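**Student:** Under this note's numbering, the letters of the sequence shown match residues 60 to 434, in that order.
Where is the CB? At the ideal position from N, CA and C, for every residue including glycine.
Since we're looking at a predicted model, the values are computed, not measured.
This is the structure I have questions about; it appears just below.
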Amino acid sequence: MGKIIELKNVSKSFDGEVVLDHINLEIDDNEFLTLLGPSGCGKTTTLRLIGGFEQPDEGELLFMGRRINDVPPHKRNVNTVFQKYALFPHLNVFENVAFPLRERRAPRAEIEEKVREMLSLVMLSGFANRRVTSLSGGQQQRVAIARALIGRPKVLLLDEPLAALDLKLRKDMQQELKKIQKATGITFVFVTHDQEEALTMSDTIVVMSEGRIQQIGSPTDIYNEPKNAFVADFIGESNILDGVMLSDFSVHFSGQTFRCVDAGFGEREQVDVVVRPEDVDIVPVEAGKLQGVVTSVTFMGVHYEVIVDIGGFKWMIQTTDYVAEGEHVGLEIVPDAIHIMKKSEYSGLYGDYSSFSNELDELSDPDAVPEEEST
Numbered sequence: 060m061g062k063i064i065e066l067k068n069v070s071k072s073f074d075g076e077v078v079l080d081h082i083n084l085e086i087d088d089n090e091f092l093t094l095l096g097p098s099g100c101g102k103t104t105t106l107r108l109i110g111g112f113e114q115p116d117e118g119e120l121l122f123m124g125r126r127i128n129d130v131p132p133h134k135r136n137v138n139t140v141f142q143k144y145a146l147f148p149h150l151n152v153f154e155n156v157a158f159p160l161r162e163r164r165a166p167r168a169e170i171e172e173k174v175r176e177m178l179s180l181v182m183l184s185g186f187a188n189r190r191v192t193s194l195s196g197g198q199q200q201r202v203a204i205a206r207a208l209i210g211r212p213k214v215l216l217l218d219e220p221l222a223a224l225d226l227k228l229r230k231d232m233q234q235e236l237k238k239i240q241k242a243t244g245i246t247f248v249f250v251t252h253d254q255e256e257a258l259t260m261s262d263t264i265v266v267m268s269e270g271r272i273q274q275i276g277s278p279t280d281i282y283n284e285p286k287n288a289f290v291a292d293f294i295g296e297s298n299i300l301d302g303v304m305l306s307d308f309s310v311h312f313s314g315q316t317f318r319c320v321d322a323g324f325g326e327r328e329q330v331d332v333v334v335r336p337e338d339v340d341i342v343p344v345e346a347g348k349l350q351g352v353v354t355s356v357t358f359m360g361v362h363y364e365v366i367v368d369i370g371g372f373k374w375m376i377q378t379t380d381y382v383a384e385g386e387h388v389g390l391e392i393v394p395d396a397i398h399i400m401k402k403s404e405y406s407g408l409y410g411d412y413s414s415f416s417n418e419l420d421e422l423s424d425p426d427a428v429p430e431e432e433s434t
């Protein structure tokens with residue numbers, strides 16, 4: 060795959076506030092790339108720069124090797140699907156999808172053929188004569204995608220298009236979007252704050268925070284090998300502890316020394332230690348290198364989320380085995396469950412689960428859509 064889009068040392072500010080801080084990014088042809096991060100991290104601004112809706116203050120945007128900083132949106136081989144689909148309510152499904160071709164005065168036979176092809180691609184073949192106002196949110200989204208794809212752009216930009224859908228429909232559309240991308244071979248650049256969406260759909264994830272790129276990698280790399288505490292905390296659940304590398308493959312944390320699989324750190328270097336909740340085994344007290352007290356147990360359907368207090372640090376463990384609140388337990392952690400990260404500006408900001416609850420997470424997320432608004 061060749062590079063189709065490049066951002067070189069790109070910066071952007073609004074009213075004196077830096078929104079993008081000298082970012083560098085390469086996007087390959089036929090790639091599903093996701094810009095992931097919390098509200099205000101710069102992901103939507105990055106998308107708008109690629110689409111031509113904003114211009115960078117510094118740096119270069121290249122499209123297939125050609126500088127496009129000042130090229131207007133309609134002259135870029137790029138289309139955008141926004142969170143609000145902007146369909147024409149007075150037109151039926153067929154005419155909404157056909158609109159770009161009618162604007163170009165394409166022949167009637169070509170319009171008929173391509174609209175049918177697009178409606179088949181998004182699984183709306185029998186909906187050509189329906190009014191868009193009679194469609195569900197998911198169906199309207201498919202119409203918007205068909206309209207964006209009918210001109211066969213090289214790149215499709217998607218700005219949180221699933222945010223307004225309910226949970227089940229959102230999960231269904233994650234799979235459908237990935238299928239559509241593979242079927243068309245068009246590069247998709249997708250913006251979301253939802254970690255599950257990013258992990259489910261992407262070939263490449265770009266994790267952003269405070270206008271800077273924190274890490275670029277495949278979903279498995281981002282999840283299993285986070286670069287810093289921000290990435291570890293933002294992608295899934297993580298227990299993040301202060302540690303000291305004693306030597307290659309040996310780290311000290313929580314008052315104990317553990318074997319690990321990491322090397323190349325300085326002797327007695329201060330580090331962040333990440334242990335994912337699903338990688339910890341709850342064992343009898345005498346069998347665990349760490350011991351603590353269960354402070355809460357939450358049934359999640361396929362597993363329990365168990366909070367264990369060990370010396371004041373609240374660990375999260377995900378297990379299929381039930382333990383009771385107040386029970387004394389041991390924790391077993393194998394070497395390849397321990398991931399070592401260098402200290403960063405995010406060290407100490409994330410770590411234990413003293414105030415953990417799903418509701419608190421949702422209340423603190425400015426992008427979260429209330430349940431009654433998502434249906």
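Tell me whether threonine 434 sits in a helix, a strand or coil according to DSSP, three-state version.
**Tutor:** Residue 434 sits at position 375 when you count from the first residue of the sequence shown. Reliability fails at threonine 434, whose pLDDT of 33 lies under 50, so the model's placement of it is uncertain and no value is given.
**Student:** Would you list the one or two residues that DSSP bridges to leucine 217?
**Tutor:** Within the sequence shown, the letter at position 158 stands for residue 217. Answer by DSSP bridge pairing, in chain order: Val140 and Phe249.
**Student:** Cα separation between threonine 263 and isoleucine 272?
**Tutor:** Sequence index remark: in the sequence shown, residue 263 carries index 204 (1-based). Sequence index remark: in the sequence shown, residue 272 carries index 213 (1-based). Cα-Cα distance, rounded: 13 Å.
**Student:** Heavy atom of the ligand SAH less than 7 Å from the Cβ of histidine 149, yes or no?
**Tutor:** As for the ligand SAH, it is missing from this structure, which has no ligand bound.
**Student:** Let me check understanding here. Comparing Cα to Cα, which of Arg335, Lys173, Tyr412 and Thr103 lies closest to glutamate 391?
**Tutor:** For this step, residue 391 is matched to residue 332 along the sequence shown. The candidate whose alpha carbon is nearest that of glutamate 391 is Arg335.
**Student:** Applying the 10 Å Cβ sphere with the 16-neighbour rule, what's the burial state of leucine 408?
**Tutor:** To locate residue 408, count along the sequence shown from 1; it is residue 349. Exposed, by the Cβ-count rule.
**Student:** Could you name each continuous beta strand (DSSP E) segment of 3 residues or more that falls completely within the region 99-167, going from the start of the chain to the end?
**Tutor:** DSSP runs (the beta strand (DSSP E)) wholly in the region 99-167: 117-122 and 137-140.
**Student:** Between which two residues does the beta strand (DSSP E) harbouring methionine 400 extend?
**Tutor:** As a working mapping, residue 400 is identified with position 341 in the sequence shown. Unbroken beta strand (DSSP E) run through methionine 400: 397-401.
**Student:** Counting along the chain, where does the alpha helix (DSSP H) carrying tyrosine 282 start and finish?
**Tutor:** Mapped onto the sequence shown, residue 282 falls at position 223. It spans 278-283 - the alpha helix (DSSP H) in which tyrosine 282 sits, taken as one unbroken run.
**Student:** Since phenylalanine 186 and glutamine 199 are thought to touch, with beta carbons under 8 Å apart, how far apart are those beta carbons, to the nearest angstrom?
**Tutor:** Walking along the sequence shown from the start, residue 186 turns up at place 127. Walking along the sequence shown from the start, residue 199 turns up at place 140. Not really, about 11 Å apart at Cβ, beyond 8 Å.
**Student:** What are the boundary residues of the beta strand (DSSP E) that arginine 318 is part of?
**Tutor:** Reading the sequence shown from its first residue, position 259 is the one you call residue 318. Run containing arginine 318: 315-318, per the beta strand (DSSP E) assignment.
**Student:** Just tell me which of Thr354, Asn138, Ile369 and Leu92 has its CA closest to the CA of threonine 259.
**Tutor:** Residue numbering aside, residue 259 sits at position 200 when the sequence shown is read from its first letter. With distances taken between Cα atoms, threonine 259 lies closest to Leu92.
**Student:** I need the straight-line Cα distance from serine 423 to glutamate 162, nearest angstrom please.
**Tutor:** The residue labelled residue 423 in the question sits at position 364 within the sequence shown. The residue labelled residue 162 in the question sits at position 103 within the sequence shown. Because serine 423 carries a pLDDT of 47, less than 50, the predicted location of this residue cannot be relied on, and the following value inherits that uncertainty. For serine 423 and glutamate 162, the distance between alpha carbons rounds to 44 Å.
**Student:** With distances taken between CB atoms, is the gap from leucine 95 to methionine 375 smaller than 8 Å?
**Tutor:** As a first step, residue 95 is located in the sequence shown; it is residue number 36 there, counting from the start. As a first step, residue 375 is located in the sequence shown; it is residue number 316 there, counting from the start. Against a cut-off of 8 Å, the Cβ pair of methionine 375 and leucine 95 comes out as no contact.
**Student:** In this structure, how does DSSP classify leucine 183 when only helix, strand and coil are distinguished?
**Tutor:** Residue mapping note: residue 183 aligns to position 124 of the sequence shown, counting from 1. Note: leucine 183 maps to coil in three-state DSSP.
**Student:** Per DSSP, what kind of secondary structure is methionine 267 in: helix, strand or coil?
**Tutor:** The count along the sequence shown starts at 1 and reaches residue 267 at position 208. In the structure shown, methionine 267 sits in a strand (DSSP, three-state: E or B).
**Student:** Tell me the residue span of the alpha helix (DSSP H) that contains valine 382.
**Tutor:** Taking the sequence shown and counting its residues from 1, one reaches residue 382 at position 323. Note, valine 382: premise wrong, no alpha helix (DSSP H); not H, not E.
**Student:** Would the beta-carbon of glycine 110 fall within 8 Å of that of leucine 217?
**Tutor:** Working through the sequence shown from its first residue, we reach residue 110 at position 51. Working through the sequence shown from its first residue, we reach residue 217 at position 158. Contact: no.
**Student:** Please work out which residues of its chain come closer than 8 Å, Cβ to Cβ, to alanine 207, disregarding the five sequence neighbours upstream and downstream, and give them in chain order.
**Tutor:** Position 148 of the sequence shown, counted from the first residue, corresponds to residue 207. Result list for alanine 207: Asn138, Thr139, Val140 and Leu215, in chain order.
**Student:** Shortest alpha-carbon distance to valine 152 belongs to which of Met182, Met177 and Asn188?
**Tutor:** The residue given as residue 152 occupies position 93 in the sequence shown. It is Asn188.
**Student:** Look at the alpha carbon of asparagine 136 and the alpha carbon of lysine 213, and state the distance between them as a whole number of angstroms.
**Tutor:** Here residue 136 refers to the residue found at position 77 of the sequence shown. Here residue 213 refers to the residue found at position 154 of the sequence shown. Taking the straight line from one Cα to the other gives about 6 Å.
**Student:** Output the boundary residues of the alpha helix (DSSP H) element that contains glutamate 256.
**Tutor:** Taking the sequence shown and counting its residues from 1, one reaches residue 256 at position 197. Its alpha helix (DSSP H) spans residues 254-260.
**Student:** What's the call for asparagine 417, buried or exposed, on a 16-neighbour Cβ count within 10 Å?
**Tutor:** Looking up residue 417 in the sequence shown gives position 358. A caution first: asparagine 417 carries a pLDDT of 45, below 50, which makes its placement in the model too unreliable to give a value.
**Student:** One question on the structure: do methionine 400 and valine 310 come within less than 8 Å of each other, judged by their Cβ atoms?
**Tutor:** Counting from 1 along the sequence shown, the entry for residue 400 is found at position 341. Counting from 1 along the sequence shown, the entry for residue 310 is found at position 251. It is not a contact, given that the beta carbons lie outside the stated cut-off.
**Student:** Return the first residue and the last residue of the beta strand (DSSP E) that methionine 375 is part of.
**Tutor:** Counting from one through the sequence shown, the residue named residue 375 turns up at place 316. Taken as a continuous stretch (DSSP letters only), the beta strand (DSSP E) holding methionine 375 covers 372-378.
**Student:** Spell out a yes or no on whether the region 299-307 and the region 344-358 are touching, meaning 3 or more CB-CB pairs, one atom from each, closer than 8 Å.
**Tutor:** Taking 8 Å as the limit for Cβ pairs, the verdict is that the region 344-358 does not touch the region 299-307.
**Student:** With C-beta atoms as the reference, is asparagine 287 less than 8 Å away from tyrosine 405?
**Tutor:** Working through the sequence shown from its first residue, we reach residue 287 at position 228. Working through the sequence shown from its first residue, we reach residue 405 at position 346. Cβ distance < 8 Å, so asparagine 287 and tyrosine 405 count as in contact.
**Student:** Work out the CA separation of histidine 398 and glutamate 328 for me, nearest whole Å.
**Tutor:** Against the sequence shown, residue 328 aligns to sequence position 269. Against the sequence shown, residue 398 aligns to sequence position 339. Approximately 15 Å between the Cα atoms of the pair.
**Student:** Using 10 angstroms around the beta-carbon of glycine 325, count the other beta-carbons present and answer buried if the total reaches 16, otherwise exposed.
**Tutor:** Taking the first residue of the sequence shown as 1, we reach residue 325 at position 266. The residue in question, glycine 325, is exposed, as its Cβ has fewer than 16 Cβ neighbours within 10 Å.
**Student:** Please name the residue in Phe317, Asp411, Gly389 and Val382 whose C-alpha comes closest to that of aspartate 395.
**Tutor:** Counting from one through the sequence shown, the residue named residue 395 turns up at place 336. With distances taken between Cα atoms, aspartate 395 lies closest to Phe317.
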